[in-house]
Amino acid sequence: MPLLALITQQSLEEDYRQVADRKRREGEPTQVRRLTRRGAVVVAIFGLLVTTAAVQTSRNADVTESSRAALISEVSRRSDQVAGQQAQLSTLRQQTTSLQTGLDAL
0 MPLLALITQQ SLEEDYRQVA DRKRREGEPT QVRRLTRRGA VVVAIFGLLV
50 TTAAVQTSRN ADVTESSRAA LISEVSRRSD QVAGQQAQLS TLRQQTTSLQ
100 TGLDAL
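Quick note on numbering: numbering that gives the first Met the number 0 labels position 93 of the sequence shown as 92, and the sequence is numbered without any gaps.
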């Protein structure tokens with residue numbers, strides 16, 4: 000084993016051993032704590048919230064699509080209405096010009 004790897008490994012093992020001894024003396028648990036019931040409940044609630052958000056997003060996709068289709072239909076209808084009013088305005092302008100010409104001739 001290379002010297003640097005050996006020194007690093009031995010020093011780390013010694014550090015871990017010293018920390019474990021100190022924890023034992025102070026009465027702290029030396030092992031990693033496992034997931035407690037409280038932690039499991041928190042994880043379960045978080046999972047439930049994420050699932051609920053995903054389901055609502057999925058449901059809202061249909062509503063959003065139908066709303067989009069309704070808006071497109073309304074825009075199309077209004078565009079046709081504006082085009083009709085512009086045609087009517089053009090006709091009225093022509094009539095006004097014609098009447099104005101007739102009045103000027105008198």
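Glycine included, C-beta positions come from ideal geometry on N, C-alpha and C.
In the DSSP assignment, T35 falls outside any alpha helix (DSSP H) and carries neither an H nor an E. In the structure shown, G26 adopts coil according to DSSP, grouped into three states. Inter-residue distance for L98 and Q87 is about 16 Å (C-alpha atoms, whole angstroms).
Cβ contact annotation for A60 (same chain, cutoff 7 Å, sequence separation greater than five): none. Under the three-state reduction of DSSP, L105 is assigned to coil, being neither helix nor strand.
Rounded to whole angstroms, the separation of the alpha carbons of V62 and T95 is 49 Å.
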